[in-house]
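Structure, as structure tokens:
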Amino acid sequence: MLKRILISILFVICLISTFSSSYAEEIRSINIRAGGVNHPYGSATVLALEYEHSVTEFVSLVPSLGSFEYDYEDGIYYEEGSSSLGLLFSVRFYPRRWYQEGFWFGPGLAIFDIDFEWTEEGYYRTYRGSGSYLGIAPMFGLGGKIKMGKNIYFDPSLLVGYLESYNVDADQGEPVATTVFAAFNLGVSFQF
225 MLKRILISIL
235 FVICLISTFS
245 SSYAEEIRSI
255 NIRAGGVNHP
265 YGSATVLALE
275 YEHSVTEFVS
285 LVPSLGSFEY
295 DYEDGIYYEE
305 GSSSLGLLFS
315 VRFYPRRWYQ
325 EGFWFGPGLA
335 IFDIDFEWTE
345 EGYYRTYRGS
355 GSYLGIAPMF
365 GLGGKIKMGK
375 NIYFDPSLLV
385 GYLESYNVDA
395 DQGEPVATTV
405 FAAFNLGVSF
415 QF
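Residue numbers for the sequence shown follow this note's numbering, so the first one is 225 and each next one is one higher.
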């Protein structure tokens, strides 16, 4: 698991160094993003603060801080969880070379600490508990920055990823839960 994370980070660093240029105009922005997922068994909401920095005219680095909440219910089992703070690092490619404007796409990796409480209905009694997960989610995003004012952009996006949750309390090497997700996000971007 750790090997996959290190390989992913090394891949991103190599990719960035390949495309980076000392002639790039420095464009930076602060992005505020909110979004979520709804499915038949529950929902999740995300709130994130991103710092986007152009490396070239068509590549940006985006470290982010975020948190999320979720609930899951299948009729017998109910789980509710939230993260205090998560880290996301992504790379965005702007194919039209417009320095953080227009259509973008790119990979990312998120790491979250998740605290949760659960309830399970048994035949004779109700069981309750709590725990912690470490969530790791490689993902792919695509979106578009639409200019709204001089330095203000509307930034809708779609993230598709794979979340692996590892039990923090029981030192296990295998994930205890895996989830494929697609999340629609709305964002506002302020360039400086």
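Every residue gets a Cβ at the ideal spot worked out from N, C-alpha and C, and that includes glycine. Just so you know, these numbers come straight off a predicted model, no measurement behind them.
Run of the beta strand (DSSP E) containing residue i, from where it starts to where it stops
i, result
"residue 362", "350–371"
"residue 415", "401–415"
"residue 323", "Here residue 323 belongs to no beta strand (DSSP E), and DSSP marks it neither H nor E."
Spatial distance of residue i from residue j (CA atoms)
i, j, result
"residue 387", "residue 405", "8 Å"
"residue 312", "residue 355", "23 Å"
"residue 295", "residue 304", "4 Å"
"residue 331", "residue 306", "24 Å"
"residue 266", "residue 409", "17 Å"
"residue 253", "residue 413", "6 Å"
"residue 291", "residue 349", "33 Å"
"residue 310", "residue 353", "23 Å"
"residue 363", "residue 347", "40 Å"
"residue 334", "residue 251", "24 Å"
"residue 314", "residue 302", "32 Å"
"residue 321", "residue 297", "44 Å"
"residue 365", "residue 351", "38 Å"
"residue 246", "residue 323", "Low local confidence applies: a pLDDT of 49 at residue 246 is under 50, so the model's placement there is unreliable, and no value is given."
Buried versus exposed, by CB contacts within 10 Å (16 or more), residue i
i, result
"residue 300", "exposed"
"residue 376", "exposed"
"residue 344", "exposed"
"residue 359", "buried"
"residue 370", "exposed"
"residue 367", "buried"
Beta-carbon separation (whole angstroms), residue i vs residue j, contact threshold 8 Å
i, j, result
"residue 255", "residue 281", "Actually they are not in contact, since the Cβ atoms of residue 255 and residue 281 sit about 19 Å apart, beyond 8 Å."
"residue 170", "residue 270", "No information on residue 170 is available, as it lies outside the stretch 225 to 416 that the chain covers here."
Member of the options whose CA lies at the smallest distance from the CA of residue i
i, options, result
"residue 416", "293, 390, 374 and 316", "374"
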